[in-house]
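Reviewing the structure listed below.
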Amino acid sequence: MKAKREFRNRDDTEVAVLDALVDRQDGMTVFELRSHVAVGIDDLEDALAALKADGLIEADDDSERMLIKPDDRVVPEPGDEDTEESFFDELRDRLGL
724 MKAKREFRNR DDTEVAVLDA LVDRQDGMTV FELRSHVAVG IDDLEDALAA
774 LKADGLIEAD DDSERMLIKP DDRVVPEPGD EDTEESFFDE LRDRLGL
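Each residue of the sequence shown is one higher than the one before, starting from 724 at the first, in the working numbering.
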């Protein structure tokens, strides 16, 4: 599942982080995110800081490890067709644009 379309016009790393978090809404550690996003730790840290500043993610440290979760407004409703990737979005991704 991907983040809502209105949150997809951000930096590529930020979008990748949001998509990974939306896929696992129960939360991910920084190490799990790093393996899903495949960027350097500095880029991941910058993306997390920007997303946190905009209120699009939240950190939950109530358990033994800190989990990062997407804000509810980023997660699409079940059956929400607006989040499906259009032909042009898919083509842009494949061409690396």
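We treat Cβ as the ideally placed atom computed from N, Cα and C, and that holds for glycine.
Length of the line joining the Cα atoms of Ala743 and Ala782:
Taking the first residue of the sequence shown as 1, we reach residue 743 at position 20. Taking the first residue of the sequence shown as 1, we reach residue 782 at position 59. For Ala743 and Ala782, the distance between alpha carbons rounds to 15 angstroms.
Where Glu800 and Val745 are concerned, what is the direct C-alpha to C-alpha distance, given to the nearest angstrom?
Walking along the sequence shown from the start, residue 800 turns up at place 77. Walking along the sequence shown from the start, residue 745 turns up at place 22. So the two alpha carbons sit approximately 11 angstroms from each other.
Apart from the five residues just before and just after Asp735, which ones in its own chain have a Cβ nearer than 6 angstroms to its Cβ?
Locating residue 735 in the sequence shown gives position 12, counting from the first residue. None.
Quick one: is Met751 buried, meaning 16 or more other Cβ sit within 10 Å of its Cβ, or exposed?
To locate residue 751, count along the sequence shown from 1; it is residue 28. With 16 or more Cβ atoms within 10 Å of its Cβ, Met751 is classed as buried.
Bridge partner(s) assigned by DSSP for Glu781
Counted from its first residue, the sequence shown places residue 781 at position 58. DSSP lists Lys792 as partners of Glu781.
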